[in-house]
Amino acid sequence: VIFQQAKFFTSAPSIRHLPEDKGIEVAFAGRSNAGKSSALNVLTRQNSLARTSKTPGRTQQINIFELDENRRLVDLPGYGFAKVPLEMKVKWQKSLSEYLQERKCLRGLVVLMDIRHAFRETDQELIHWAVASNIPVLAVLTKADKLKSGARKSMLMKAQEAVPAFGGDVDVIAFSSLKKTGVEALEAVVQSWFQD
Ligand code: GTP
Ligand code: MG
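Residues are numbered in UniProt numbering as their position in the sequence shown, beginning at 1, plus a constant of 4.
Okay, here's the thing in structure tokens:
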């Protein structure tokens, strides 16, 4: 697929409003402010495809981008944002788990986590759901530019050591939207998921 061809397709307020379950979908998930929208923009070489923001919780809808008529990238709303009412958090977790369990066209999940705070509770939960549904996971450690090279390597190693515990197809890369670190690795993995 040609990522540069990504076009905004639609926004869905919830899982029930997603387009028909056909073709291939790759989803981007992670805590609020983890850098999901930024990573999508880097991947598609479009600075303003997905809206990014300094305010956590910016992406509140499920935003869907189309690469071609059979392939979509999905920017999921971030979780773990403190100011969101508990009721909404519970609802969102429930619909995320449904999405991971029921969406047949979902071929891979990119879980983005700040390299300084990887594998927090909800991240782990999400990965467990994906593994249970046989969906491959790429853990992307974002904002790698915020650490010096030594600290970056040790956080990456620590994350790699945490992976076997999930018992599924889970890979880890370090990434920076700012410095464009890890872009080729992200591209290669997502590209492989889009092959049928
Ligand atoms: P929500 O939509 O709120 O869930 O957030 P998001 O995960 O989509 O994060 P977004 O891409 O909007 O980025 C959040 C903030 O982090 C913005 O201020 C970005 O500029 C910043 N940011 C994202 N990626 C990087 C990175 O690689 N390095 C640095 N230094 N900052 C980054
Ligand atoms: Mg976003």
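The beta-carbon is built from N, C-alpha and C at its ideal position, and this holds for glycine as well.
Asked: Does the distance from the C-beta atom of D79 to that of K40 stay below 8 Å?; Found: yes
Asked: Any idea if E29 is buried or exposed, counting beta-carbon neighbours within 10 angstroms, 16 or more meaning buried?; Found: buried
Asked: For Y103, I'd like the list of residues in its chain whose CB is within less than 6 Å of its CB, leaving aside the five on either flank, ordered along the chain.; Found: I19
Asked: Sorted by chain position, which residues of the same chain lie with C-beta nearer than 7 Å to A178's C-beta, five sequence neighbours on each side aside?; Found: I119, L145, A148, R156, L160, T185, G186
Asked: For S41, verify whether its CB is less than 7 Å away from any heavy atom of the ligand MG.; Found: yes
Asked: Alpha helix (DSSP H) containing N45: first to last residue?; Found: 40-48
Asked: With DSSP as the reference, please indicate the residues paired to I66 in a beta bridge.; Found: A16
Asked: Return the CA-CA distance between L116 and F170, expressed in angstroms with no decimal places.; Found: 16 Å
Asked: Measuring CB to CB, does D175 end up less than 8 Å from L130?; Found: no
Asked: Drop a sphere of 10 angstroms on the beta-carbon of R35, count the other beta-carbons inside from all chains shown, and report buried for 16 or more, exposed for fewer.; Found: buried
Asked: Can you grab the Cα-Cα spacing for the pair L100 / K183, in whole Å?; Found: 30 Å
Asked: Determine which residues share a DSSP beta bridge with S180 and list them.; Found: T185
Asked: The ligand PLP and K93: does the residue's C-beta get closer than 7 Å to at least one heavy atom of that ligand?; Found: The ligand PLP is not part of this structure, which contains only the ligand GTP and the ligand MG.
Asked: Using only the heavy atoms of the ligand GTP, determine whether one of them is closer than 7 Å to the beta carbon of D127.; Found: no
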